[in-house]
Amino acid sequence: LKAVTNGDVPMGYFKNFKAQDGFSLPDYVQVPSRNFINLFEVPVLFFALVPLLFQFQLVDLWTVLLAGLFVLSRYVHSYIH
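Here the sequence shown stands for residues -8 to 72, where the numbers follow the working numbering.
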């Protein structure tokens, strides 16, 4: 919204999300967008792994600690971006 109101991104870009005439999105739009997409791609593997660990009774202190470390790393990753 900020990029459109500032005139950095033309409103027509959102019609099909394709750049026109050499237009490229500013970094302050691309970086959070890529981070948001990444937040939904990587955890899918995590969400698939956790039920499997429970199913095969492989949950122990180490798996819980590693799962917590993974969640913490996602917060750090978002904070950096």
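We put the CB at the ideal spot given by N, CA and C, even for glycine.
Is the distance from the Cβ of Leu76 to the Cβ of Ser69 below 8 Å? The structure shown does not extend to residue 76, since the chain is modelled only from -8 through 72, so no value can be given for it.
The alpha helix (DSSP H) spanning Leu43 covers which residue range? Counting from one through the sequence shown, the residue named residue 43 turns up at place 52. Where Leu43 is concerned, the enclosing alpha helix (DSSP H) stretches over Asp18 to Gln46.
Please report the distance separating the alpha-carbon of Leu60 from that of Arg25. For the purposes of this step, residue 60 is taken as residue 69 along the sequence shown, with counting starting at 1. For the purposes of this step, residue 25 is taken as residue 34 along the sequence shown, with counting starting at 1. When rounded, the distance between both Cα atoms is 22 Å.
N-terminal and C-terminal residue of the alpha helix (DSSP H) that Lys6 is part of: In the sequence shown, counting from the first residue as 1, residue 6 sits at position 15. Note, Lys6: alpha helix (DSSP H), Tyr4 to Asn7.
Going by beta carbon distance, what residues of the same chain come within less than 7 Å of Val(-5), once the five residues before and after it are set aside? For the purposes of this step, residue -5 is taken as residue 4 along the sequence shown, with counting starting at 1. Contacts found: Met2.
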